[in-house]
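S.K.: In numbering that gives the first Met the number 0, the protein residues as written are 0 to 424. Note that beta-carbon positions come from the ideal geometry of N, C-alpha and C, so glycine has one too. A single structure is presented below for examination.
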Amino acid sequence: MKKMFEYENVTGLHLELTTKCNAMCPMCNRNFKGKPRGDLPISELTIKDIKALLKPDFIEKLKLISVCGVYGEPICCRDLKKILRYIYKCNPNVDIDIYTNGGLYDEEWWQDLARITKKHNGTVIFGIDGVDETHSLHRRNTDFNTVIRNAKAYIDAGGKAGWDFIVFHHNEHQVEAARKMSEELGFQAFQIKKTSRFLKNLYEHDEMLDSTILGYGKHPVYDSNGKKIYDIELPENKEYRNTSEDRLLELIKEYETIDKYFDAVPIDCGAIKSGGIFLSAEGEVFPCCTVYQQVMYKVIHGVTDPSELNEYNLYLKDNLSAYDKSIKEIVEGTFFKELYKSFSCKSIALGKPKSCTRACGKNLDVHACGHTTKIKYSGGKKWKGISSWTNTLVVGYMILRTKKNTTMTKRHLNKSKRCLKENIN
Ligand SMILES: C[S@@+](CC[C@H](N)C(=O)[O-])C[C@H]1O[C@@H](n2cnc3c(N)ncnc32)[C@H](O)[C@@H]1O
Ligand code: SF4
Ligand code: SF4
């Protein structure tokens, strides 16, 4: 049984190629009140960066790469295709899943992408949250017709595609129409995602989003001037709601507060079980996107609540940059070792990592692991599905209490300056 982080066990990589994005999804952690978060380091990995960060011997040992990220859109990475070619050259058999809003470029660009992925059975998963303009209520700044045109160009050129549909009140009546459309267009799977991003309202106040003033189940949407324009809401149909909702309420009742539950619950680390690691657009290696995101709360928002800083304090003790060290050295280094040790701390106050208790506490999966319903279509090419590992790592981020007061590292600042000159933020 795997017990701690070991380089030998790493077979999966969650790859964030950039923190740029063309869209403005209201619940995405890169955005706040209709704009990208002011202090988000805007970064983008080039093919040169990737060659420096991911050496052939590391790529060779991978079985799965999820090109997704926490703060950005993979197709906004200009070297995406070069990077895919390089990875496939190092390991022609690796499974690559690319998560995208699909809202940029012309048909030719997507046909070309299909030419790269189809030889290696790679998959593009399009996030499409409706069957008409409803889609843009959540996937703001992307156009349904453009996304469908692009997906069609990709599929018709032989590319394997999945459709992910995040269900809200405004689109729940379109789930079946979308499923039907996905089958007709030749997607190989349709997946309903039951978002976890409303859940924090049940137990945690978030000053930055003022969503708590609306009560549970609502999230405000702002235009680019910061003016509130509407709310997005949980679906009414329970079938489309995250199953952690009931579990969370039970636990709060059982433990009196969720913090007492966090203190008590044993951690069963998903990254150790699956052999996954995460590489950020800054070139830093974390066990998973959840811990990366927790560290970034301090970097981006200057959070001062000590219960939110255990992961960040460990991060300060080590250098996680794969520009400076090998991935093996990082995985076997201080941060990974101490994080693992901290799972056994008696409480959050004594150093237990809060993000890990939320994501991998044994009695609750606050992040949406497994809160999906997938329909796979028969026929066509082999479909391995969007792995449970990938879901564990990419779905459902929590948003924490934050304060605006940031200290960015020198590297973050330099990269930000370079990228801010460009249009896509
Ligand atoms: C930050 S995005 C990065 C990849 C890409 N930009 C995309 O949106 O697919 C990471 C994941 O978050 C998911 N996501 C975005 N908004 C969400 C929400 N409100 N609830 C659950 N998942 C969401 C996306 O579908 C995607 O799989
Ligand atoms: S497309 Fe992805 S990265 Fe961009 S805002 Fe939406 S969820 Fe965030
Ligand atoms: S969040 Fe879960 S998968 Fe990530 S390091 Fe913590 S325990 Fe492991």
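Apart from the five residues on each side of it in sequence, which residues of its chain come closer than 6 Å, Cβ to Cβ, to G68?
M.R.: E15
S.K.: Nearer than 8 Å: is that true of the beta carbon of R178 relative to any heavy atom of ligand 2?
M.R.: no
S.K.: Under 5 Å from any heavy atom of ligand 2, by CB: list those residues in chain order, please.
M.R.: Result (chain order): C20, A22, C24, C27, E72 and N100.
S.K.: Touch check for the stretch 267–277 and the stretch 52–59: three-plus C-beta pairs under 8 Å?
M.R.: no
S.K.: P25: buried (16+ other C-beta within 10 angstroms of its C-beta) or exposed?
M.R.: buried
S.K.: Does the beta carbon of P234 fall short of 8 Å from some heavy atom of ligand 3?
M.R.: no
S.K.: Heavy atom of ligand 1 less than 8 Å from the Cβ of S195, yes or no?
M.R.: yes
S.K.: On the DSSP letters alone, give me the boundaries of the alpha helix (DSSP H) that D258 sits inside.
M.R.: I257 to A263
S.K.: Would you mind stating whether S354 and Q293 have Cβ atoms separated by less than 9 Å?
M.R.: yes
S.K.: Let me check you understand the geometry: is the CB of C67 closer than 8 Å to at least one non-hydrogen atom of ligand 1?
M.R.: yes
S.K.: Please classify T256 as buried or exposed, where buried requires at least 16 other C-beta atoms within 10 Å of its C-beta.
M.R.: exposed
S.K.: Would you say the beta carbon of D163 comes nearer than 8 Å to a heavy atom of ligand 4?
M.R.: Of the ligands one can find in the structure shown, namely ligand 1, ligand 2 and ligand 3, none is ligand 4.
S.K.: Give the range of the beta strand (DSSP E) segment to which K192 is assigned.
M.R.: A188 to K192
S.K.: Along the beta strand (DSSP E) that carries S65, what are the first and last residues, could you check?
M.R.: L63 to V66
S.K.: Around the C-beta of K199, are 16 or more other C-beta atoms found within 10 angstroms, so that it is buried, or is it exposed?
M.R.: With 16 or more other Cβ atoms within 10 Å, it is buried.
S.K.: Of the choices L248, T145, K88 and G126, whose alpha-carbon is the least far from that of D105?
M.R.: T145
S.K.: Is P219 near ligand 3, judged by its Cβ being under 8 Å from some heavy atom?
M.R.: no
S.K.: So what does P35 bridge to, in DSSP terms?
M.R.: N30
S.K.: Should L319 and V284 be called a contact, given that it needs their Cβ atoms to be closer than 9 Å?
M.R.: yes
S.K.: Any contact between the stretch 67–83 and the stretch 30–49? By contact I mean 3 or more CB pairs, one from each, below 8 Å.
M.R.: yes
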